[in-house]
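A.B. asks: Counted from 1, the sequence shown has number 311 at position 311 by my numbering; the numbering is strictly sequential. Heads up, the beta-carbon is just placed ideally off N, CA and C, and yes, glycines get one too.
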Amino acid sequence: MTFSISRRALLEGGLCAAAAAAGAGTMLLLNRPAKGRAADGLPVTGQPLAQPHEVRSKNRLLATDIHARYARHDLAGRPVHLRGYDGLPVGRTLRLRAGDELRLHLHNDLPWEAVEGTCTTRPDRENVPHAFNATNMHLHGLHVSPMQPGDDILLTLAPKPVSGLEKKQTLPSDYRYAYQIPADHPPGTYWYHAHHHGSVALQVSSGMAGCLIVEGAVDDIPEIRAAREVVLMVQSQTVDPDGTCEREALLEQSGPTYVNAQLQPVLTMKPGEVQRWRVVNATHDRSLWLAPPDVMGTALLCTDGNPLPAAKALTGPMRLVPGNRADLLVRAPQRAGRYAVDGGPNIGTLFTIVVHEAPALDQVLFTGALPSYRALEPIRDEEVTMGRRLEFGMTGGPPHPTYTINGVPFTCRDPWEIPLGAVEEWEIYNQTNEIHPFHIHVNPFQMLSGGLVEPGLWLDTVELPPNKRVRFRTRFADFRGTFVFHCHTLQHEDMGMMQAITVT
Ligand SMILES: [Cu+2]
Numbered sequence: 001m002t003f004s005i006s007r008r009a010l011l012e013g014g015l016c017a018a019a020a021a022a023g024a025g026t027m028l029l030l031n032r033p034a035k036g037r038a039a040d041g042l043p044v045t046g047q048p049l050a051q052p053h054e055v056r057s058k059n060r061l062l063a064t065d066i067h068a069r070y071a072r073h074d075l076a077g078r079p080v081h082l083r084g085y086d087g088l089p090v091g092r093t094l095r096l097r098a099g100d101e102l103r104l105h106l107h108n109d110l111p112w113e114a115v116e117g118t119c120t121t122r123p124d125r126e127n128v129p130h131a132f133n134a135t136n137m138h139l140h141g142l143h144v145s146p147m148q149p150g151d152d153i154l155l156t157l158a159p160k161p162v163s164g165l166e167k168k169q170t171l172p173s174d175y176r177y178a179y180q181i182p183a184d185h186p187p188g189t190y191w192y193h194a195h196h197h198g199s200v201a202l203q204v205s206s207g208m209a210g211c212l213i214v215e216g217a218v219d220d221i222p223e224i225r226a227a228r229e230v231v232l233m234v235q236s237q238t239v240d241p242d243g244t245c246e247r248e249a250l251l252e253q254s255g256p257t258y259v260n261a262q263l264q265p266v267l268t269m270k271p272g273e274v275q276r277w278r279v280v281n282a283t284h285d286r287s288l289w290l291a292p293p294d295v296m297g298t299a300l301l302c303t304d305g306n307p308l309p310a311a312k313a314l315t316g317p318m319r320l321v322p323g324n325r326a327d328l329l330v331r332a333p334q335r336a337g338r339y340a341v342d343g344g345p346n347i348g349t350l351f352t353i354v355v356h357e358a359p360a361l362d363q364v365l366f367t368g369a370l371p372s373y374r375a376l377e378p379i380r381d382e383e384v385t386m387g388r389r390l391e392f393g394m395t396g397g398p399p400h401p402t403y404t405i406n407g408v409p410f411t412c413r414d415p416w417e418i419p420l421g422a423v424e425e426w427e428i429y430n431q432t433n434e435i436h437p438f439h440i441h442v443n444p445f446q447m448l449s450g451g452l453v454e455p456g457l458w459l460d461t462v463e464l465p466p467n468k469r470v471r472f473r474t475r476f477a478d479f480r481g482t483f484v485f486h487c488h489t490l491q492h493e494d495m496g497m498m499q500a501i502t503v504t
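Take a look at the structure:
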């Protein structure tokens, strides 16, 4: 079983994770993991944890191309043929610094299929899964403009027409996204993924997603800078026996939960070593209770990329619903051993930590105050300009129930208008028996109550537990334009649980 670092990926990746990890000695680059299958036919587990390829900004600019296309690779020893980015099972990690510009040239190299634009789809087709080869890009959690050439998720990139059909396709098949990351953007772990209404769940679960790291003052703290970084993209690929994912019903099935496209890989640590884990719940519908082993020291730095006022030890498993991220420092115990990192009920072991027999390191687990950010100042009562009550619900039944917000499924023809600078308090009721992870683009929110999280936290995604409510406040700051909030159980989004907002 070998891991390879392709020359092309190294060239594309510039200063890549492999080089950065070379000093640490054990980190491998993710390319085509776990070739072959165990002789007994069981999935391959216990491989060394690989890291996604990485590309980082240079001279304040990160410019790169991303090709959405099919790729063949091995998933825990099983050959699969899935949609992905650049032929990889996990998109490359994009690393930049607050204040940088990001230019993404996205190419839709998926096979030809006639598709309509999100806002011109026939209403009867709008909220059923469709157009699996149409795509676009979303920067999840980023405080950037939702207007073109920025984070406009209503844009449709169609597959390239086959010869003779060029005239039938008026939609673009590539697009040059450009985003200016604000200089005071909260630094932490974000991610990017496909967001074309109708194909979001299938594409994201297949692997059309990657980690996006915004660095800033938090990363300049010496104890944090000294910690070796580990990207942990938690994924939920579901495939038919032939290794493909071509039907939405598959997405309802339970199955293994992968980390960086590996099943229960092994992460090595030295005794006393501190690592910085960047955990992304990139599954389409699986909620985690992330539980580092009790013997490890922990310090939570950021929730959904937003730094806490001060690093804080975890007192129990951390809830991470689809879309959530955690920036976490963990310190290995002084003695060698093998420890499982649990993902909670229905998930089981996500990965295993092996602490080597080696001279103990004396790395300090940072516990101090973190830099503060204008965008994350607590929202005071007197700031609030408007209150809203929302209901997440559903009508109909299988195979395509319709998921609703305030009684109506998604249409891009009725955005709510909210003035720039508004500060709103939202109370959201979940009128169903399912979890709905609420996610809003562009602006984070500050929790007041509910959601199985502490009041005061800043998030961009929060659990709406069945038949419960959550309350939060949010500022519609800095950016005009149209964006959305939606359920991050991505099949629900494809089936209508999304609402557009136009900030005027
Ligand atoms: Cu939902």
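Mind checking who S287 pairs with in its DSSP beta bridge?
C.D. replies: S287 pairs with nothing; no bridge assigned.
A.B. asks: Between which residues of its own chain and F445 is the CB-CB distance below 6 Å, once the five residues before and five after are set aside?
C.D. replies: Only F472, T474 meet the Cβ criterion.
A.B. asks: Under 9 Å between the Cβ atoms of V484 and I221?
C.D. replies: Not closer than 9 Å, so no.
A.B. asks: Buried or exposed for G323, please, with buried defined as at least 16 other CB atoms from any protein chain shown within 10 angstroms of its CB.
C.D. replies: Burial call: buried.
A.B. asks: Who pairs with K58 in a beta bridge, going by DSSP?
C.D. replies: Partner(s): L61.
A.B. asks: Quick check on DSSP: helix, strand or coil for Q148?
C.D. replies: In the structure shown, Q148 sits in coil (DSSP, three-state: anything other than H, G, I, E or B).
A.B. asks: Which full runs of the beta strand (DSSP E) of 3+ residues lie inside the region 258-336, going along the chain?
C.D. replies: With a minimum length of 3 residues, the continuous beta strand (DSSP E) runs that stay inside the region 258-336 are 266-269, 274-281, 288-290, 297-303, 306-312, 318-320, 325-331.
A.B. asks: Check A477 in the structure and name its three-state DSSP category.
C.D. replies: Correct three-state label for A477: coil.
A.B. asks: Tell me whether H492 sits in a helix, a strand or coil according to DSSP, three-state version.
C.D. replies: Residue state, collapsed to three classes: helix.
A.B. asks: On a Cα-Cα basis, can you pick out the residue from G255, N306, A422, R469 that is closest to T349?
C.D. replies: The residue with the shortest Cα to Cα distance from T349 is G255.
A.B. asks: Per DSSP, which one or two residues make a beta bridge with A68?
C.D. replies: BP columns for A68 point to Y85, N108.
A.B. asks: Assign V162 to buried or exposed, taking buried as 16 or more other Cβ atoms, counted over all protein chains shown, within 10 Å of its Cβ.
C.D. replies: Exposed is the call here.
A.B. asks: Which residue's Cα is closest to the Cα of L376: F132, L106, E113, H143?
C.D. replies: Among F132, L106, E113, H143, the Cα nearest to that of L376 is on H143.
A.B. asks: Note down, in chain order, each residue of its chain lying with its Cβ closer than 6 Å to the Cβ of G107, except the 5 sequence neighbours on either side.
C.D. replies: Per the sequence shown, the amino acid found at residue 107 is His instead of Gly. The answer, listed in chain order, is H67, D174.
A.B. asks: Could you name the residues of the same chain whose beta carbon sits closer than 6 Å to that of V355, not counting the 5 residues immediately before and after it, in chain order?
C.D. replies: These residues qualify, in order along the chain: M269, P271, A332, A336, G337.
A.B. asks: Tell me which residues share the same chain as R72 and place their Cβ nearer than 6 Å to its Cβ, disregarding the 5 neighbours each side in the sequence.
C.D. replies: Closer than 6 Å at Cβ, skipping near neighbours: H81.
A.B. asks: Who pairs with V355 in a beta bridge, going by DSSP?
C.D. replies: Partner(s): M269, G337.
A.B. asks: Give the C-beta separation of P465 and L452 to the nearest angstrom, bearing in mind that I take them to be a contact with Cβ-Cβ under 8 Å.
C.D. replies: With 8 Å as the limit, P465 and L452 qualify as a contact, their Cβ atoms being about 7 Å apart.
A.B. asks: Return yes when the C-beta of F392 is under 8 Å from any heavy atom of ligand 1, and no when it is not.
C.D. replies: Under cutoff, so the answer is yes.
A.B. asks: For M394, does the count of other Cβ atoms within 10 angstroms reach 16, so buried, or fall short, so exposed?
C.D. replies: Looking at its Cβ environment, which holds 16 or more other Cβ atoms inside 10 Å, M394 is buried.
A.B. asks: Does G188 pass the burial test, meaning 16 or more other C-beta atoms within 10 Å, or should it be called exposed?
C.D. replies: When all chains shown are included, G188 counts as buried.
A.B. asks: May I ask whether a heavy atom of ligand 1 can be found less than 8 Å away from the beta carbon of Y403?
C.D. replies: Yes; taking the cut-off as 8 Å, the Cβ of Y403 has a heavy atom of ligand 1 nearer than that.
A.B. asks: Among Q169, M318, A299, which residue has its Cα nearest to the Cα of A310?
C.D. replies: Taking only the C-alpha atoms, the option nearest A310 is A299.
A.B. asks: Less than 8 Å between the CB of I428 and some heavy atom of ligand 1, yes or no?
C.D. replies: Outside the cutoff, so no.
A.B. asks: Is it the case that the CB of R435 approaches a heavy atom of ligand 1 more closely than 8 Å?
C.D. replies: It is worth fixing the name first, because residue 435 is Ile in this sequence and not Arg. Checking the Cβ of I435 against ligand 1 gives yes.
A.B. asks: Would you call the CB atoms of P325 and G305 closer than 9 Å?
C.D. replies: The sequence as given places Arg at residue 325; Pro does not occur at that position. Contact: yes.
A.B. asks: Per DSSP, what kind of secondary structure is L370 in: helix, strand or coil?
C.D. replies: It is coil, neither helix nor strand.
A.B. asks: In whole angstroms, give me the CA-to-CA distance for H197 and V55.
C.D. replies: About 28 Å.
A.B. asks: So, for L448: in the same chain, excluding its five sequence neighbours on each side, which residues have a beta-carbon less than 7 Å away from its beta-carbon?
C.D. replies: P455, R471, F472, R473, listed in sequence order.
A.B. asks: Does DSSP classify R380 as helix, strand or coil?
C.D. replies: In the structure shown, R380 sits in coil (DSSP, three-state: anything other than H, G, I, E or B).
A.B. asks: Taking the beta carbon of Q180 as the centre, do at least 16 other beta carbons fall within 10 Å, making it buried, or is it exposed?
C.D. replies: Exposed.
A.B. asks: The alpha helix (DSSP H) with L165 in it runs from where to where?
C.D. replies: Note, L165: premise wrong, no alpha helix (DSSP H); not H, not E.
A.B. asks: Three or more beta-carbon pairs under 8 Å between the region 45-53 and the region 224-232, yes or no?
C.D. replies: Enough Cβ pairs lie closer than 8 Å, so yes.
A.B. asks: Could you tell me if G91 is buried or exposed, where buried requires 16 or more neighbouring beta carbons within 10 angstroms of its beta carbon?
C.D. replies: Looking at its Cβ environment, which holds 16 or more other Cβ atoms inside 10 Å, G91 is buried.
A.B. asks: Taking 8 Å as the cut-off, does the CB of C487 come closer than this to any heavy atom belonging to ligand 1?
C.D. replies: Checking every heavy atom of ligand 1 against the Cβ of C487, one is found closer than 8 Å.
A.B. asks: Measuring alpha carbon to alpha carbon, tell me which residue in T93, L102, Q169 is nearest L212.
C.D. replies: For L212, the nearest C-alpha among the options comes from T93.
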